[in-house]
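Visitor: I'd like to ask you about the structure that follows.
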Amino acid sequence: MPAALDPSTDDTDPAAQALAAPRKRPKPGERRVQILQALAQMLEQPGAERVTTAALAARLSVSEAALYRHFASKAQMFEALIDFIEGSVFGLIGQITEREPDGRTQAARIVAMVLQFGERNPGMARVMGGDALVLEHERLQQRMNQLFDKLEAALRQCLRNAAAGGPATPTPDADAQVTASVLAAFTAGRLQRFARSGFRRAPTEQLDACIARML
5 MPAALDPSTD DTDPAAQALA APRKRPKPGE RRVQILQALA QMLEQPGAER VTTAALAARL
65 SVSEAALYRH FASKAQMFEA LIDFIEGSVF GLIGQITERE PDGRTQAARI VAMVLQFGER
125 NPGMARVMGG DALVLEHERL QQRMNQLFDK LEAALRQCLR NAAAGGPATP TPDADAQVTA
185 SVLAAFTAGR LQRFARSGFR RAPTEQLDAC IARML
């Protein structure tokens, strides 16, 4: 029986009208953001297995083909997450170095900021620590390595500035390089521990005491 003639259909029922209404299409760029948000949320599950595009599509109630209209591959989705992480972290580093004149304090605040960012965003922490990238494309881990290289360079510059304004030391550049390397390794290690503990061991645990010891 055609729907228009079906006596069980009440055109005056608001609920029936809502169900019959076509689904609203996301605005341009909105679906892309939804995909990345869903991916990050799936990575937040402690002990989560490798995220598949089938599982991601199911979470969003779309087809896998719909995902590939926005991203050419899952690796590209992870690259977009890494772009977000990098933009957020280095944008905040710029704010810290602009507002804080002391180089050693800059370095301490940068380390704290990165670890706090990971603690607030567990899915991102799994990406930063490399745990979420183990079975993914090799270039993704290379991107994260580059991010930590840039973080180490930023810390090194902060410590060089501190050395330039403080008491003279025989090897200021070498000292800054070693300390920056230790701080960057500590940051990466804390993020890895956070992810591998199922998000139970906070990356900011005893942070002030640890930073004070390293600086």
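Using my numbering, the letters of the sequence shown map in sequence onto residues 5 to 219. Even for Gly, the Cβ is constructed at its ideal location relative to N, Cα and C. These figures come from a predicted structure and were not determined experimentally.
What is the DSSP secondary structure of Pro26, reduced to helix, strand or coil?
Guide: Unreliable placement is indicated for Pro26, whose pLDDT of 49 sits below 50; the coordinate value is still reported in the next sentence. In this structure, Pro26 counts as coil in the three-state DSSP scheme.
Visitor: Taking 8 Å as the limit between beta carbons, can you name the residues of its chain near Leu139, skipping five residues before and five after?
Guide: Within the same chain, Leu139 has close Cβ partners Arg54.
Visitor: Whose CA, out of Tyr72, Phe75, Ala157, lies closest to the CA of Ile97?
Guide: The residue with the shortest Cα to Cα distance from Ile97 is Ala157.
Visitor: Count the other C-beta atoms from every protein chain shown that fall within 10 angstroms of the C-beta of Val182, then say buried if there are 16 or more, exposed otherwise.
Guide: Burial call: exposed.
Visitor: Assuming Ala136 and Arg130 are in contact, meaning their beta carbons sit under 8 Å apart, how far apart are those beta carbons, in whole angstroms?
Guide: Indeed they touch by this definition, with Cβ atoms about 4 Å apart.
Visitor: Grab me the residues of Leu71's own chain with a C-beta within less than 7 Å of its C-beta, minus the 5 sequence neighbours each way, in chain order.
Guide: Within the same chain, Leu71 has close Cβ partners Ile39, Thr57, Leu60, Ala61.
Visitor: Any chance the segment 94-108 sits against the segment 196-204, with 3 or more Cβ pairs inside 8 Å?
Guide: Verdict: no, contact absent.
Visitor: Give the secondary structure of Gly134 by DSSP, where H, G and I count as helix, E and B as strand, and everything else as coil.
Guide: Reduced to three states, the DSSP call for Gly134 is coil.
Visitor: Pick from Ala184, Arg36, Asn149: whose alpha carbon is nearest that of Gly134?
Guide: The shortest C-alpha separation from Gly134 is found at Asn149.
Visitor: Could you tell me whether the Cβ atoms of Cys162 and Ala116 are closer together than 8 Å?
Guide: Not in contact: Cys162 and Ala116 (Cβ atoms no closer than 8 Å).
Visitor: My parser needs the alpha helix (DSSP H) runs of 4 or more residues fully inside the segment 139-196; what are they?
Guide: Listed in chain order, the complete alpha helix (DSSP H) runs (minimum 4 residues) inside the segment 139-196 are 142-168.
Visitor: Please classify Ala180: is it buried, with 16 or more other beta-carbons within 10 angstroms of its beta-carbon, or exposed?
Guide: The residue is buried, with at least 16 neighbouring Cβ atoms inside 10 Å.
Visitor: With DSSP as the reference, label Asp87 as helix, strand or coil.
Guide: Asp87: helix per DSSP, three-state reduction.
Visitor: Helix, strand or coil for Asp106 per DSSP?
Guide: Reduced to three states, the DSSP call for Asp106 is coil.
Visitor: Taking the alpha carbon of Ala76 as the point to measure from, which residue in Arg36, Arg164, Arg63 has its own alpha carbon closest?
Guide: Nearest of Arg36, Arg164, Arg63 to Ala76, Cα basis: Arg36.
Visitor: Taking the alpha carbon of Pro126 as the point to measure from, which residue in Glu48, Val66, Gln146 has its own alpha carbon closest?
Guide: Minimum Cα distance to Pro126 is reached at Glu48.
Visitor: Going by beta-carbon coordinates alone, are Leu85 and Pro207 separated by less than 8 Å?
Guide: Contact: no.
Visitor: To the nearest angstrom, how far is the alpha carbon of Pro26 from that of Ser65?
Guide: For Pro26, the predicted structure reports a pLDDT of 49, less than 50, and the residue's modelled location is therefore unreliable. A value from the coordinates is still provided. Distance between the alpha carbons of Pro26 and Ser65: 15 Å.
Visitor: Given a cut-off of 8 Å, decide if Ala188 and Leu159 are closer than it, judged by their beta-carbon atoms.
Guide: Yes, they are a contact pair.
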